[in-house]
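Q: Quick note, the sequences are listed as chains G and A, same order.
Start counting the first sequence at 24; every next residue gets the next number (the working numbering).
Start counting the second sequence at 24; every next residue gets the next number (the working numbering).
Where is the CB? At the ideal position from N, CA and C, for every residue including glycine.
Number of protein chains: 2
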Amino acid sequence: MTGIYLDNAASTPVDPRVVEAMRPFFTETFGNPSSLHRFGRQAREAIDQARATLASQIGAARPEELIFTSGGTESNNLALKGLAFAQRKKGRHLITSKVEHDCILNSTAWLEEQGFTVTYLDVDPDGLVRPADLAAAIRPDTILVSVMHANHEIGAVEPIRELGQICAERRVPFHTDACQSFGKLPIDVERDHLSLVTLNAHKVHGPKGVGALYVRSGAGLEAWQHGGGHEFGLRSSTENVPGIVGFGKAAEIAEIERPREMPRLLRLRDRIIDQALASLPGAYLNGPRRQRLPTNVNLGFHGREGEAISLLLRLDERGIAVATGSACSSHQGDQPSHVLLAIGRDPVEARGALRVTLGRFTTEEEVETFLRELREALATLRPINSLMAPEPISAGA
Amino acid sequence: MTGIYLDNAASTPVDPRVVEAMRPFFTETFGNPSSLHRFGRQAREAIDQARATLASQIGAARPEELIFTSGGTESNNLALKGLAFAQRKKGRHLITSKVEHDCILNSTAWLEEQGFTVTYLDVDPDGLVRPADLAAAIRPDTILVSVMHANHEIGAVEPIRELGQICAERRVPFHTDACQSFGKLPIDVERDHLSLVTLNAHKVHGPKGVGALYVRSGAGLEAWQHGGGHEFGLRSSTENVPGIVGFGKAAEIAEIERPREMPRLLRLRDRIIDQALASLPGAYLNGPRRQRLPTNVNLGFHGREGEAISLLLRLDERGIAVATGSACSSHQGDQPSHVLLAIGRDPVEARGALRVTLGRFTTEEEVETFLRELREALATLRPINSLMAPEPISAGA
Numbered sequence: 024m025t026g027i028y029l030d031n032a033a034s035t036p037v038d039p040r041v042v043e044a045m046r047p048f049f050t051e052t053f054g055n056p057s058s059l060h061r062f063g064r065q066a067r068e069a070i071d072q073a074r075a076t077l078a079s080q081i082g083a084a085r086p087e088e089l090i091f092t093s094g095g096t097e098s099n100n101l102a103l104k105g106l107a108f109a110q111r112k113k114g115r116h117l118i119t120s121k122v123e124h125d126c127i128l129n130s131t132a133w134l135e136e137q138g139f140t141v142t143y144l145d146v147d148p149d150g151l152v153r154p155a156d157l158a159a160a161i162r163p164d165t166i167l168v169s170v171m172h173a174n175h176e177i178g179a180v181e182p183i184r185e186l187g188q189i190c191a192e193r194r195v196p197f198h199t200d201a202c203q204s205f206g207k208l209p210i211d212v213e214r215d216h217l218s219l220v221t222l223n224a225h226k227v228h229g230p231k232g233v234g235a236l237y238v239r240s241g242a243g244l245e246a247w248q249h250g251g252g253h254e255f256g257l258r259s260s261t262e263n264v265p266g267i268v269g270f271g272k273a274a275e276i277a278e279i280e281r282p283r284e285m286p287r288l289l290r291l292r293d294r295i296i297d298q299a300l301a302s303l304p305g306a307y308l309n310g311p312r313r314q315r316l317p318t319n320v321n322l323g324f325h326g327r328e329g330e331a332i333s334l335l336l337r338l339d340e341r342g343i344a345v346a347t348g349s350a351c352s353s354h355q356g357d358q359p360s361h362v363l364l365a366i367g368r369d370p371v372e373a374r375g376a377l378r379v380t381l382g383r384f385t386t387e388e389e390v391e392t393f394l395r396e397l398r399e400a401l402a403t404l405r406p407i408n409s410l411m412a413p414e415p416i417s418a419g420a
Numbered sequence: 024m025t026g027i028y029l030d031n032a033a034s035t036p037v038d039p040r041v042v043e044a045m046r047p048f049f050t051e052t053f054g055n056p057s058s059l060h061r062f063g064r065q066a067r068e069a070i071d072q073a074r075a076t077l078a079s080q081i082g083a084a085r086p087e088e089l090i091f092t093s094g095g096t097e098s099n100n101l102a103l104k105g106l107a108f109a110q111r112k113k114g115r116h117l118i119t120s121k122v123e124h125d126c127i128l129n130s131t132a133w134l135e136e137q138g139f140t141v142t143y144l145d146v147d148p149d150g151l152v153r154p155a156d157l158a159a160a161i162r163p164d165t166i167l168v169s170v171m172h173a174n175h176e177i178g179a180v181e182p183i184r185e186l187g188q189i190c191a192e193r194r195v196p197f198h199t200d201a202c203q204s205f206g207k208l209p210i211d212v213e214r215d216h217l218s219l220v221t222l223n224a225h226k227v228h229g230p231k232g233v234g235a236l237y238v239r240s241g242a243g244l245e246a247w248q249h250g251g252g253h254e255f256g257l258r259s260s261t262e263n264v265p266g267i268v269g270f271g272k273a274a275e276i277a278e279i280e281r282p283r284e285m286p287r288l289l290r291l292r293d294r295i296i297d298q299a300l301a302s303l304p305g306a307y308l309n310g311p312r313r314q315r316l317p318t319n320v321n322l323g324f325h326g327r328e329g330e331a332i333s334l335l336l337r338l339d340e341r342g343i344a345v346a347t348g349s350a351c352s353s354h355q356g357d358q359p360s361h362v363l364l365a366i367g368r369d370p371v372e373a374r375g376a377l378r379v380t381l382g383r384f385t386t387e388e389e390v391e392t393f394l395r396e397l398r399e400a401l402a403t404l405r406p407i408n409s410l411m412a413p414e415p416i417s418a419g420a
């Protein structure tokens, strides 16, 4: 497809080098990795290699601590439910934050129905969890803390090292959802005191349908999906060999290119933020200015939040893809973003954000075109909306 | 890879036409189907089309009754656990058979730990469930019956229409795991009275990492993996768009070619069975002769069951891939096959089977080569084993 794709937090184009790495595993090395013959053994070797690549990137002590899943959602479900059910005799209290992805929050909601208790930590106006809040929330029956590494809507980078330190001192397993940060920010399970880490491929120019969960030896997790005992008994299912190979390649590329790529994207991100705040009427930034993913911009426009969808569609007509919130939340209809509500936005503001997220194939020229088109769209849309609603929609409505 | 691949029940090579159909969805139509912009909408259209193809092939009333998962194991887990947890106020009794795949049996074992009761139906010496046994096992608190369509080890085709009829009369939801039969045998959710059907792609020359679950409207299933509410709220996770497109294409090809392809494979299957029984010393067939998948052969050799692994490796040296049991069971070490035990084989026999499974790319020439190499391997191995164990290992050992 042609167009300017600025929705890389929703999904990314697969890097052609990743597709090339995957290709032989469809038609040539197509064996089931559990098979004993050479077709099987070669598939097994390929996934072992991807496992070693990913494990070493996050500082895992052993490759076997990294298990492959179908994606971030499954990894998060497995981390929370697999640990909660395994440890429920020890305690039934979990801690997470109010800005997590739906797959965390809907998993904890389900666990609450099963008799678990969950504390949802508040965040500061930038979207950041306060370590002192976590320290105060841990109870003797707390069996798991889960706080994301970087937020999917506002790009806030949580202080996971400090949070992990607190968990380590209190001997509570610490899980982080690193779907948005993996490949962009360094992750080190030792330094960050992580027991469980969720990773996925399709946010880092790898294929959809594959993710991973780091499970520290002795973390106390049990399988959530049962069957033939694949992935060291923690996740049964015939391994998605091409997907896993693609994930490994995507991670490898991201790691190699990160030192050069992240400063480039950071400059593009700041160009958008600076231009928007300086020249677009009423523009404000959701999320932190500093402790932020180099790829994330989240803008609101005072008094014009009701036009976010119109803005998105207008940009889409011009071939520019942005989002109003997280892609996944589109299934919940016109609900305000729980992330924006958590940082203190009102429901109108929390429906009216424009999320712009950058990726490997985003160019400076595309950013300039986007800024020009956004300015035009804002100017063009105003008269139409004014005709329909003579008073600008109040932020408090 | 070169070689003769006769392990298509473990996994199949992806059809090049399927790879071709998937290709654009990695690098061009890469959007997240939940996104509102055109990148997202085009991805959404592609999965809707695959959904319609698959739904219509099994006679589903509406495409929305077909939801995509990461594979057969997930579909089976979702069917059993999702239904059991949703219906547990109604009852806590499930019925399945002793010859199901591990992902059924380990899911029901887990449900037993959660307070459910499970009846495991016996099978006849061919591996077939007796409908009268099912009728006798249904209780007022039975909430689900799950019996596979075709067995993964011995190819037995279960009488799902009669079983479904009984479930319909007793108003108990009926689930079938059709992973091995889909694309080979017709499935009709109306005629067969099916409430839930598990399908997967990689057994039918589609990609690994994608499956589906048919969920009849009103079946009473709840989500098991929580998140953004994808797949009509029943299975959250960013959809594996290329995988789903590939699954749709694989199903389409299988459906078109089935009338010509299945008789061809049936002839090859019978050629192997007839030749083995006629000319290989001590050969016997596990599973039914008639009510059997056209792609499955499962052989034992009286008194030589202890050599199954040696046989497999010898054939592997000659570039021929077969299995000793199901691929997935390799994680359980040297356990005898629960399927073969259920049809009355003793533990030695149940460890000593050779499974030979055919696929689209299996040729007559390959079958002849296999038969010749198998005969040779049996002849060559005998002296070696005789040296080590002068008495042939008794079948009763």
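Let me know the secondary structure DSSP gives residue 166 of chain A once reduced to three states.
A: Position 143 of the second sequence, counted from the first residue, corresponds to residue 166 of chain A. It is a strand residue.
Q: For residue 202 of chain G, decide whether its Cβ has a neighbour in chain A, counting only Cβ atoms nearer than 7 angstroms.
A: Here residue 202 of chain G corresponds to residue number 179 of the first sequence, with the count starting at 1. Closer than 7 angstroms: no.
Q: Under the DSSP definition of a beta bridge, which residues are partnered with residue 323 of chain G?
A: Taking the first residue of the first sequence as position 1, residue 323 of chain G is located at position 300. Answer is G:307, bridged to residue 323 of chain G.
Q: Beta-carbon separation of residue 242 of chain A and residue 259 of chain A under 7 angstroms?
A: Position 219 of the second sequence, counted from the first residue, corresponds to residue 242 of chain A. Position 236 of the second sequence, counted from the first residue, corresponds to residue 259 of chain A. No, they are not a contact pair.
Q: Find the nearest neighbour of residue 98 of chain G within the set G:360, G:195 and G:246, judged by alpha-carbon distance.
A: Residue 98 of chain G sits at position 75 when you count from the first residue of the first sequence. It is G:246 whose Cα lies nearest to the Cα of residue 98 of chain G.
Q: Going by the CB atoms, is the gap between residue 166 of chain G and residue 113 of chain G shorter than 7 angstroms?
A: Residue 113 of chain G sits at position 90 when you count from the first residue of the first sequence. Residue 166 of chain G sits at position 143 when you count from the first residue of the first sequence. Contact: yes.
Q: If I measure Cβ to Cβ from residue 150 of chain G and keep anything under 6 angstroms in the same chain, skipping five residues before and after, which residues do I get?
A: Mapped onto the first sequence, residue 150 of chain G falls at position 127. Excluding sequence neighbours, residue 150 of chain G sits near 122, 174, 177, 179, 310 and 366.
Q: Three or more beta-carbon pairs under 8 angstroms between the stretch 150-160 of chain A and the stretch 228-236 of chain A, yes or no?
A: no
Q: Are any of the Cβ atoms in chain G nearer than 7 angstroms to that of residue 378 of chain A?
A: Looking up residue 378 of chain A in the second sequence gives position 355. Not closer than 7 angstroms to any Cβ of chain G, the Cβ of residue 378 of chain A fails to qualify, so no.
Q: Pull up the CB-CB distance for residue 118 of chain G and residue 77 of chain G, whole angstroms please, since I reckon it's below 8 angstroms.
A: Your numbering for residue 118 of chain G matches position 95 in the first sequence. Your numbering for residue 77 of chain G matches position 54 in the first sequence. Their Cβ separation, rounded to whole angstroms, is 27 angstroms, which puts residue 118 of chain G and residue 77 of chain G out of contact at 8 angstroms.
Q: Only counting the same chain, and skipping five residues up and downstream in sequence, which positions put a Cβ closer than 6 angstroms to that of residue 95 of chain G?
A: By 1-based counting over the first sequence, the position of residue 95 of chain G is 72. Closer than 6 angstroms at Cβ, skipping near neighbours: 202, 221, 223 and 234.
Q: Give me, in chain order, the residues of the same chain whose beta-carbon lies closer than 8 angstroms to that of residue 302 of chain A; leave out the 5 immediate sequence neighbours on both sides.
A: Counting from one through the second sequence, the residue named residue 302 of chain A turns up at place 279. Once the five neighbours on either side are set aside, the close Cβ partners of residue 302 of chain A are 398.
Q: Would you mind giving the Cβ-Cβ distance between residue 345 of chain G and residue 29 of chain G, rounded to the nearest angstrom? I have them listed as a contact below 8 angstroms.
A: Mapped onto the first sequence, residue 345 of chain G falls at position 322. Mapped onto the first sequence, residue 29 of chain G falls at position 6. The Cβ separation is near 5 angstroms, so the contact holds.
Q: Could you check if residue 292 of chain G is buried or exposed, using at least 16 other CB atoms within 10 Å of its CB as the buried criterion?
A: Locating residue 292 of chain G in the first sequence gives position 269, counting from the first residue. Counting C-beta atoms within 10 angstroms of its own C-beta, residue 292 of chain G has 16 or more neighbours from the protein chains shown and is therefore classed as buried.
Q: Quick check: the Cα distance between residue 35 of chain A and residue 391 of chain A, rounded to an integer number of angstroms?
A: Translated into the one-based positions of the second sequence, residue 35 of chain A becomes position 12. Translated into the one-based positions of the second sequence, residue 391 of chain A becomes position 368. Rounded to whole angstroms, residue 35 of chain A to residue 391 of chain A spans 20 angstroms at the Cα level.
Q: With residue 378 of chain A as the anchor, note down where its beta strand (DSSP E) starts and where it stops.
A: For the purposes of this step, residue 378 of chain A is taken as residue 355 along the second sequence, with counting starting at 1. From DSSP, the beta strand (DSSP E) with residue 378 of chain A extends over 377-380.
Q: From residue 372 of chain A to residue 226 of chain A, what distance separates their C-alpha atoms?
A: Taking the second sequence and counting its residues from 1, the one referred to as residue 372 of chain A is at position 349. Taking the second sequence and counting its residues from 1, the one referred to as residue 226 of chain A is at position 203. Spanning the two alpha carbons is a distance of roughly 26 angstroms.
Q: Could you tell me the boundaries of the beta strand (DSSP E) in which residue 269 of chain G lies?
A: One-based indexing of the first sequence puts residue 269 of chain G at position 246. Residue 269 of chain G -> not in any beta strand (DSSP E); alpha helix (DSSP H) instead, spanning 264-302.
Q: For chain A, check one thing: does any of its Cβ atoms lie closer than 7 angstroms to the Cβ of residue 79 of chain G?
A: Position 56 of the first sequence, counting from 1, holds the residue named residue 79 of chain G. False, the Cβ-Cβ gap to chain A never drops below 7 angstroms.
Q: In terms of residue numbering, what span does the alpha helix (DSSP H) encompassing residue 96 of chain G cover?
A: As a first step, residue 96 of chain G is located in the first sequence; it is residue number 73 there, counting from the start. Taken as a continuous stretch (DSSP letters only), the alpha helix (DSSP H) holding residue 96 of chain G covers 95-100.
Q: Using a beta-carbon distance below 7 angstroms, is residue 231 of chain G in contact with chain A?
A: Start at 1 with the first residue of the first sequence, and residue 231 of chain G comes out as number 208. Chain A, which has a Cβ nearer than 7 angstroms to the Cβ of residue 231 of chain G, makes this yes.
Q: Specify, as a first and last residue, the run of the alpha helix (DSSP H) that residue 187 of chain G falls within.
A: Taking the first residue of the first sequence as 1, we reach residue 187 of chain G at position 164. From DSSP, the alpha helix (DSSP H) with residue 187 of chain G extends over 183-193.
Q: Please confirm if residue 250 of chain A has its CB atom under 7 angstroms from at least one CB of chain D.
A: Protein chains in the displayed structure are G and A, and chain D is not among them.
Q: Grouping DSSP H, G and I as helix and E and B as strand, with all else coil, what is residue 416 of chain A?
A: The residue you call residue 416 of chain A lines up with position 393 of the second sequence. In this predicted model, residue 416 of chain A has a pLDDT of only 37, less than 50, meaning its place in the structure is not dependable; the value taken from the coordinates is given anyway. Here residue 416 of chain A sits in coil by DSSP.
Q: Distance, Cα to Cα, residue 39 of chain G vs residue 50 of chain A?
A: Sequence index remark: in the first sequence, residue 39 of chain G carries index 16 (1-based). Sequence index remark: in the second sequence, residue 50 of chain A carries index 27 (1-based). So the two alpha carbons sit approximately 7 angstroms from each other.
Q: Reducing DSSP to helix, strand and coil, say where residue 146 of chain G ends up.
A: On the first sequence, residue 146 of chain G is found 123 positions in, with the first residue counted as 1. DSSP places residue 146 of chain G in strand when its eight states are reduced to three.
Q: Give me, in chain order, the residues of the same chain whose beta-carbon lies closer than 6 angstroms to that of residue 417 of chain G; leave out the 5 immediate sequence neighbours on both sides.
A: Position 394 of the first sequence, counted from the first residue, corresponds to residue 417 of chain G. Note that residue 417 of chain G scores 37 on pLDDT, short of 50, meaning its location in the model is unreliable and no value can be drawn from it.
Q: Which residues bound the beta strand (DSSP E) around residue 76 of chain G?
A: As a first step, residue 76 of chain G is located in the first sequence; it is residue number 53 there, counting from the start. Careful: residue 76 of chain G lies outside any beta strand (DSSP E), inside the alpha helix (DSSP H) at 61-80.
Q: Thinking residue 257 of chain G and residue 106 of chain G are a contact (beta carbons under 8 angstroms), I'd like their distance in whole angstroms, please.
A: Within the first sequence, numbered from 1, the residue matching residue 257 of chain G stands at position 234. Within the first sequence, numbered from 1, the residue matching residue 106 of chain G stands at position 83. Contact doesn't hold; Cβ gap of about 11 angstroms is too wide.
Q: Suppose the cutoff is 6 angstroms on Cβ atoms and the five residues either side in sequence are ignored; what does the same chain contact list for residue 412 of chain G look like?
A: Along the first sequence, read from residue 1 onward, the residue named residue 412 of chain G stands at position 389. Its pLDDT being 43, under 50, residue 412 of chain G is placed unreliably in this model, and the coordinates cannot settle the point.
Q: For residue 180 of chain G, does the three-state DSSP call read helix, strand or coil?
A: For the purposes of this step, residue 180 of chain G is taken as the residue at position 157 of the first sequence. In the structure shown, residue 180 of chain G sits in a strand (DSSP, three-state: E or B).
Q: Residue range of the beta strand (DSSP E) that residue 129 of chain G falls in?
A: The sequence position of residue 129 of chain G within the first sequence is 106, counting from 1. That residue, residue 129 of chain G, is in no beta strand (DSSP E); its alpha helix (DSSP H) goes 125-136.
Q: Distance check for residue 139 of chain A and residue 239 of chain A, CA to CA, integer angstroms please.
A: Counted from its first residue, the second sequence places residue 239 of chain A at position 216. Counted from its first residue, the second sequence places residue 139 of chain A at position 116. Their backbone Cα atoms lie some 23 angstroms apart in a straight line.
Q: Would you say residue 261 of chain G lies against chain A (beta-carbon separation less than 7 angstroms)?
A: Looking up residue 261 of chain G in the first sequence gives position 238. For residue 261 of chain G, the answer is yes, since a Cβ of chain A falls inside 7 angstroms of its Cβ.
Q: How far does the alpha helix (DSSP H) with residue 44 of chain G in it extend, from its first residue to its last?
A: The residue given as residue 44 of chain G occupies position 21 in the first sequence. If you look at residue 44 of chain G, you'll find it in the alpha helix (DSSP H) that goes 39-45.
Q: Helix, strand or coil for residue 219 of chain G? Go by DSSP, reduced to three states.
A: For the purposes of this step, residue 219 of chain G is identified with residue 196 of the first sequence, where counting begins at 1. Residue state, collapsed to three classes: strand.
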